[in-house]
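In full-length UniProt numbering, the protein residues as written are 1 to 483.
Here a beta-carbon is modelled for each residue, glycine too, at the ideal position from N, C-alpha and C.
Predicted, not measured: the structure shown is a model, and the values here were computed from it.
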């Protein structure tokens with residue numbers, strides 16, 4: 001026999017053991033235990049008789065937990081309230097902490113998947129592959145898996161970067177979640193089959209990407225430990241790419257993850273943070289033209305990553321000063337510049353028209369604007385390499401006087417500041433507003449950082465006219481002021 005209790009309009013049974021009275025035909029009173037199977041909330045019968053009822057069990061139903069506590073509280077005897085309140089003070093403190101942690105995780109996951117510009121509002125055509133299939137993989141994985149724990153940590157991190165008023169709340173929670181994620185990843189790597197899955201690689205990519213977001217925060221003090229941790233995660237992701245071998249190209253998810261790790265490697269090498277000499281062959285895919293085309297053409301952004309990879313290679317070749325290869329290098333650089341120019345011809349019409357007119361608010365996507373700035377930077381780098389190669393070929397006789405194209409590219413980058421950062425925008429306590437503001441600043445400052453690297457390299461290696469040299473130094477001054 002089961003006790004039934006109404007809750008939310010439904011009758012449900014309770015899993016507790018209740019000691020109840022039952023009269024017999026002879027008029028005697030018998031006591032017997034009755035079992036019920038209600039899962040939430042606690043049954044009123046168990047509360048009235050002060051039996052321990054395991055009815056509540058779901059981790060995320062914080063409201064039901066509060067209602068359960070209220071039911072128990074109403075059924076306590078008056079003479080026991082003071083004694084029980086003193087004994088339960090410590091218990092309640094731990095319960096509140098656990099509830100608070102769960103509410104932060106739930107809020108962060110909801111924000112990440114439904115509201116954040118980094119995932120839910122991102123134009124997939126401008127993606128580098130980091131988070132494209134995160135929701136799909138997350139929905140299929142277990143709650144204690146490496147991917148689930150890494151995703152929870154990443155979600156709390158993103159929410160913490162947006163909600164600046166509650167950093168003290170998120171920091172200890174992030175440390176705890178990071179430890180859990182690292183432990184789960186370590187366990188997955190011990191299993192040969194689990195170590196090469198998309199879920200494990202995605203978990204490592206999330207940790208590296210999250211540390212990168214922290215390291216590149218605008219106006220943030222450089223944190224050496226975060227930088228080193230980011231590089232360790234990147235090394236781990238590249239090691240998994242090697243281990244996965246042909247599994248990197250078995251489907252769209254695998255290709256996206258490969259492109260994401262490649263983007264990180266190319267970005268670190270372009271910024272001079274870490275060379276990629278050892279893994280260059282792995283990223284270029286010289287032996288398989290079909291696979292290379294699949295990876296390069298995944299999105300418009302990955303096409304630019306492929307061009308940047310070629311720039312790094314040609315830059316190293318020019319530094320070797322092998323005169324016999326100058327003709328080939330000249331051809332390769334010219335072909336690369338033509339490839340970059342043709343890149344814009346394949347873009348969606350709304351991207352080009354929207355950015356040129358600035359009328360349609362839907363076109364002002366931060367990712368698309370950043371992609372155009374990246375395109376300008378790569379063209380600027382190639383044009384500088386062409387002038388550097390001619391200087392090495394012709395010697396001091398060569399004097400480059402025409403920098404009109406280079407100055408136009410720099411002007412386009414500097415003028416894009418208004419698309420990322422508005423002078424009318426102020427710091428907001430709303431995470432949804434702060435998310436977009438912070439994302440815009442981060443992307444623009446990344447562009448400024450790369451522009452400074454290219455300009456500094458040109459001042460060091462090229463023979464520049466006085467006016468151009470002065471202009472370039474003014475750009476560096478502007479960049480320092482912006483950052």
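- Taking residue 278 as reference, the option from 304, 239, 233 with the minimal CA-CA separation is 239.
- The alpha-carbon of residue 254 is positioned some 14 Å away from that of residue 195.
- Rounded to whole angstroms, residue 171 and residue 207 show a C-alpha spacing of 15 Å.
- Assignment of residue 127 by DSSP, reduced to helix, strand and coil, places it in the coil class.
- Taking the C-beta atoms as reference points, residue 181 is found no nearer than 7 Å to residue 142.
- Taken through DSSP and simplified to helix, strand or coil, residue 395 comes out as helix.
- For residue 442, the closest alpha carbon among the candidates 154, 158, 111 is that of 158.
- Taking 8 Å as the upper bound for CB-CB distance, residue 371 and residue 409 are not in contact here, some 15 Å apart.
- For residue 477, the enclosing alpha helix (DSSP H) has its first and last residue at 466 to 482.
- The continuous stretches of alpha helix (DSSP H) do not include residue 272, and DSSP gives it neither H nor E.
- Taking 7 Å as the cut-off, the Cβ atoms of residue 227 and residue 212 do not count as close.
- When only Cα atoms are considered, residue 478 and residue 384 end up about 20 Å apart.
- Listed in chain order, the non-local C-beta contacts of residue 189 below 8 Å within the same chain comprise 195, 200, local neighbours out to five positions each way being set aside.
- Counting only the Cα atoms, residue 480 lies some 9 Å from residue 452.
- Contact between residue 299 and residue 125 is confirmed by a C-beta separation of about 6 Å, below the 8 Å threshold.
- Residue 307 sits close to residue 378, with the two beta carbons spaced by under 7 Å.
- The residue from 242, 145, 316, 173 with its alpha-carbon nearest to that of residue 183 is 145.
- Taken in chain order, no unbroken stretch of beta strand (DSSP E) lies wholly in the stretch 264 to 341 with a span of 3 residues or more.
- The C-alpha of residue 281 is placed about 11 Å away from the C-alpha of residue 313.
- For residue 244, the enclosing alpha helix (DSSP H) covers residues 224 to 244.
- Rounded to whole angstroms, the gap between the alpha carbons of residue 469 and residue 418 is 26 Å.
- Nearest Cα to residue 134 within the set 256, 386, 156, 454: 256.
- In the displayed model, residue 403 falls within coil according to three-state DSSP, outside both helix and strand.
- Counting along the chain, residue 205 sits inside the alpha helix (DSSP H) bounded by residues 198 to 215.
- If you draw a straight line from the Cα of residue 483 to the Cα of residue 438, it is about 13 Å long.
- Sequence-distant partners of residue 174 (beyond 5 residues in either direction) whose C-beta falls short of 8 Å from its own C-beta, in its chain, are 153, 156, 157, 160.
- In the displayed model, residue 119 falls within coil according to three-state DSSP, outside both helix and strand.
- Going by DSSP, residue 151 is part of the alpha helix (DSSP H) stretching over 146 to 162.
- In the structure shown, residue 250 adopts coil according to DSSP, grouped into three states.
- CA-to-CA, the gap between residue 132 and residue 403 works out to about 39 Å.
- A Cβ-Cβ separation of about 7 Å places residue 234 in contact with residue 265 under the 8 Å criterion.
- Under the three-state reduction of DSSP output, residue 463 falls in the coil class, being neither helix nor strand.
- Your pair residue 259 and residue 128 checks out as a contact, with CB atoms roughly 6 Å apart and the cut at 8 Å.
- Nearest neighbour of residue 284 by Cα position, chosen from 450, 274, 261, 458, turns out to be 261.
- DSSP places residue 134 inside the alpha helix (DSSP H), whose first and last residues are 134 to 140.
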